[in-house]
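A.B. asks: One line per chain: the protein sequences are A and B, in this order.
Numbering-wise (our numbering), the first sequence opens with residue 3 and increments by one.
Numbering-wise (our numbering), the second sequence opens with residue 6 and increments by one.
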Amino acid sequence: MATFIKNELKIRHDFDPKTKRHYDNGVLTVRHCHHYSSLYSQLAIDANETELLKDSASEAFREILSDYYEKNNITAIADKAELACRQFAAMGLGTMKILNINEHSGEVELLSSHTDEGWKKKWGVYDKPINYIGAGYIEAVFEVILDSPPKSFLAEETQSIAMGAETSKFKVIRR
Amino acid sequence: MAIDREKIIEQMSQIEIVPDENGIIEGFNVLVNQLPAKFWNTFADRLISKADEDMVEAKEYLLYNAAHECGYHTGYGIITSEEWDAIVAPMIEKAPEDVLYGAYAVFTAWGWADSEIVELVPGEKMVVRAYDYYESDHVKYGKSSRMAAYMIAGVSSAFMELAYAGEYDPKGSLIGKYECKQTKGIEAGDSYGEFVVTKA
Numbered sequence: 003m004a005t006f007i008k009n010e011l012k013i014r015h016d017f018d019p020k021t022k023r024h025y026d027n028g029v030l031t032v033r034h035c036h037h038y039s040s041l042y043s044q045l046a047i048d049a050n051e052t053e054l055l056k057d058s059a060s061e062a063f064r065e066i067l068s069d070y071y072e073k074n075n076i077t078a079i080a081d082k083a084e085l086a087c088r089q090f091a092a093m094g095l096g097t098m099k100i101l102n103i104n105e106h107s108g109e110v111e112l113l114s115s116h117t118d119e120g121w122k123k124k125w126g127v128y129d130k131p132i133n134y135i136g137a138g139y140i141e142a143v144f145e146v147i148l149d150s151p152p153k154s155f156l157a158e159e160t161q162s163i164a165m166g167a168e169t170s171k172f173k174v175i176r177r
Numbered sequence: 006m007a008i009d010r011e012k013i014i015e016q017m018s019q020i021e022i023v024p025d026e027n028g029i030i031e032g033f034n035v036l037v038n039q040l041p042a043k044f045w046n047t048f049a050d051r052l053i054s055k056a057d058e059d060m061v062e063a064k065e066y067l068l069y070n071a072a073h074e075c076g077y078h079t080g081y082g083i084i085t086s087e088e089w090d091a092i093v094a095p096m097i098e099k100a101p102e103d104v105l106y107g108a109y110a111v112f113t114a115w116g117w118a119d120s121e122i123v124e125l126v127p128g129e130k131m132v133v134r135a136y137d138y139y140e141s142d143h144v145k146y147g148k149s150s151r152m153a154a155y156m157i158a159g160v161s162s163a164f165m166e167l168a169y170a171g172e173y174d175p176k177g178s179l180i181g182k183y184e185c186k187q188t189k190g191i192e193a194g195d196s197y198g199e200f201v202v203t204k205a
């Protein structure tokens, strides 16, 4: 008997030979390296624009998640959560484990993280959390899964791989 | 010049970039991410548009510099990769010029910009044209008074450094030997973007 894996993430990749652009599931994507993501994170910290970096991430990722759930008729919260973790990994951002999603709060752990490991590779251990891109993704996950408008949730990093911890942890609360 | 740009683009663009079991993509001596272009554009556009006028130039430099460093290290990773050796290296007749021409074919294949070198004075000057690039996408109507292809400009400086500034330094001490000025931009109403790299 064939098994239908409902939470298998399906990604259709297209390269447009005319414009030379890459699309994943119809979304324009671009490949960059950890130097770029680390320098954007550092820039945001220096310019006091970490919320902007997080919001930019959240807005972009909301579209990917909501579009995917809608087109693939994903309705169960457990399936949505599992697919969100797989999408995070597919983008090369690391291994995400959603510990719980409550109506007004939640907890997320990153077992590995491109942003943190890239930072450490470039500059070594830091004295503050730096993963605003990941935090933006987590806020988008909670907002989309709980059918809430943008900026409904706040993800705060409480433990950081970039600071030397084995995993990163995020506390999520409804704003 | 034996660089077959179309062949490089066709083959390099089809290389599948897949994360490992930890959701991490290692390749070209760097960690790679594949994020929506909208994320990068949104941050850059809002960072500049909300800045006080006297801070705009400084913030633009930071965006340019991010790409400059990225381009230096990732560019080196690309030209020393197995994929480069298999596809581009056999076409190289004259280094480092052919390396540069090949690098822009890879640059294009990666989706950074449909770009090519239109003028190259070895060690002195390089002019690059980009006919399509995601950094112009934030302009939805009309034309911007500000050119905003910081990524293309930064990476172009880096590519000149890799070609002419000396042996690659993992610590990046040669970054800044060249600089790039964007002279035309699709976002500013031109039909293509143009980037002029010279010694700093």
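Glycine residues also receive a C-beta, built at the ideal position from the N, C-alpha and C atoms.
Taking Cβ-Cβ distances shorter than 7 Å, what residues in chain A pair up with Glu74 of chain B?
C.D. replies: Simply His37, Leu41.
A.B. asks: If we define contact as Cβ-Cβ less than 8 Å, is Pro95 of chain B a contact residue for chain A?
C.D. replies: no
A.B. asks: Is Ala135 of chain B helix, strand or coil by DSSP?
C.D. replies: Strand.
A.B. asks: Could you check what DSSP says for Lys20 of chain A in three-state terms: helix, strand or coil?
C.D. replies: coil
A.B. asks: Which value, in whole angstroms, describes the spacing of the CA atoms of Phe214 of chain B and Asp57 of chain A?
C.D. replies: Outside the displayed range of chain B (6 to 205) lies residue 214 of chain B, so it cannot be described from this structure.
A.B. asks: Assuming the contact rule is C-beta atoms closer than 8 Å, Ile103 of chain A and Phe144 of chain A should be a hit. Round their C-beta distance to whole Å, please.
C.D. replies: 7 Å
A.B. asks: With a threshold of 8 Å between beta-carbons, can Asp119 of chain B be considered close to chain A, or not?
C.D. replies: yes
A.B. asks: What residues in its chain sit with their C-beta under 6 Å from that of Ala108 of chain B, if we drop five residues either side in the sequence?
C.D. replies: Phe164
A.B. asks: So that I know if they touch, is there some Cβ in chain A lying closer than 8 Å to that of Gln16 of chain B?
C.D. replies: no
A.B. asks: Go through its chain and collect everything with a Cβ distance to Met156 of chain B's Cβ below 7 Å, but skip five positions before and after it.
C.D. replies: These residues qualify, in order along the chain: Ala72, Trp117, Glu140.
A.B. asks: If you draw a straight line from the alpha carbon of Thr188 of chain B to that of Gly108 of chain A, how long is it in whole angstroms?
C.D. replies: 49 Å
A.B. asks: Asp25 of chain B lies in the beta strand (DSSP E); which residues open and close that run?
C.D. replies: No beta strand (DSSP E) contains Asp25 of chain B, which DSSP labels as neither H nor E.
A.B. asks: Under three-state DSSP, which class holds Tyr139 of chain A?
C.D. replies: helix
A.B. asks: So with CB distances below 8 Å, who are the chain A contacts of Asp9 of chain B?
C.D. replies: The premise fails here: Asp9 of chain B is roughly 15 Å from chain A at the closest Cβ pair, so nothing lies under 8 Å.
A.B. asks: So, for Asp16 of chain A: in the same chain, excluding its five sequence neighbours on each side, which residues have a beta-carbon less than 6 Å away from its beta-carbon?
C.D. replies: Tyr25
A.B. asks: Classify Met60 of chain B: buried if its beta carbon has 16 or more other beta carbons within 10 angstroms, exposed otherwise.
C.D. replies: exposed
A.B. asks: From the DSSP output, in three-state form, read off Gly198 of chain B for me.
C.D. replies: The three-state secondary structure of Gly198 of chain B, taken from DSSP, is strand.
A.B. asks: Taking a cut of 7 Å between CB atoms, which residues from the stretch 54-87 of chain A lie near chain B?
C.D. replies: Flagged, chain order: Leu54, Leu55, Ser58, Ala59, Glu61, Ala62, Ile66.
A.B. asks: Would you tell me roughly how many angstroms separate the C-alpha atoms of Ile8 of chain B and Val93 of chain B, rounded to the nearest one?
C.D. replies: 7 Å
A.B. asks: What residues from the stretch 172-191 of chain B come within 7 Å of chain A, judged by C-beta to C-beta, listed N to C?
C.D. replies: none
A.B. asks: I'd like to know whether the C-beta of Ile22 of chain B is nearer than 8 Å to at least one C-beta of chain A.
C.D. replies: yes
A.B. asks: Give the secondary structure of Thr203 of chain B by DSSP, where H, G and I count as helix, E and B as strand, and everything else as coil.
C.D. replies: strand
A.B. asks: Kindly provide the ranges of any beta strand (DSSP E) runs that are 3 or more residues long and lie completely inside the stretch 17-88 of chain A, ordered along the chain.
C.D. replies: 23-26, 29-35
A.B. asks: What's the C-alpha gap between Glu10 of chain A and Leu85 of chain A?
C.D. replies: Distance from the CA atom of Glu10 of chain A to the CA atom of Leu85 of chain A, rounded to whole angstroms, is 7 Å.
A.B. asks: Runs of 3 residues minimum, wholly inside the stretch 105-135 of chain A: which ones carry the beta strand (DSSP E) assignment?
C.D. replies: 107-115
A.B. asks: Do Ser60 of chain A and Ala167 of chain A have their beta-carbon atoms positioned less than 8 Å apart in this structure?
C.D. replies: Taking a C-beta distance under 8 Å as the contact criterion, Ala167 of chain A and Ser60 of chain A do not qualify as a contact pair.
A.B. asks: Using a C-beta to C-beta distance shorter than 9 Å, which residues of chain B count as neighbours of Met93 of chain A?
C.D. replies: The contacting residues are Pro24, Gly28, Ile30, Asn38, Gln39, Leu40, Pro41.
A.B. asks: Tell me, which residues are paired with Glu158 of chain A by DSSP?
C.D. replies: A:Lys173
A.B. asks: Just the C-alpha distance for Glu62 of chain B and Gly128 of chain B, rounded to the nearest angstrom, thanks.
C.D. replies: Each residue's Cα considered, the two are about 27 Å apart.
A.B. asks: State the start and end residues of the unbroken beta strand (DSSP E) segment that holds Gln39 of chain B.
C.D. replies: 35-41
A.B. asks: Looking only at its own chain, which residues have a Cβ that is under 6 Å from the Cβ of Gly96 of chain A, when we skip the five neighbours before and after it?
C.D. replies: Leu112, Ser114, Ser115, His116
A.B. asks: Using a Cβ-Cβ cut-off of 8 Å, state whether Asp149 of chain A counts as contacting chain B.
C.D. replies: no
A.B. asks: Under 8 Å Cβ-Cβ, which residues of chain B neighbour Ser114 of chain A?
C.D. replies: Asn27, Gly28, Ile29
A.B. asks: Any beta carbon of chain A sitting closer than 8 Å to that of Arg51 of chain B?
C.D. replies: yes
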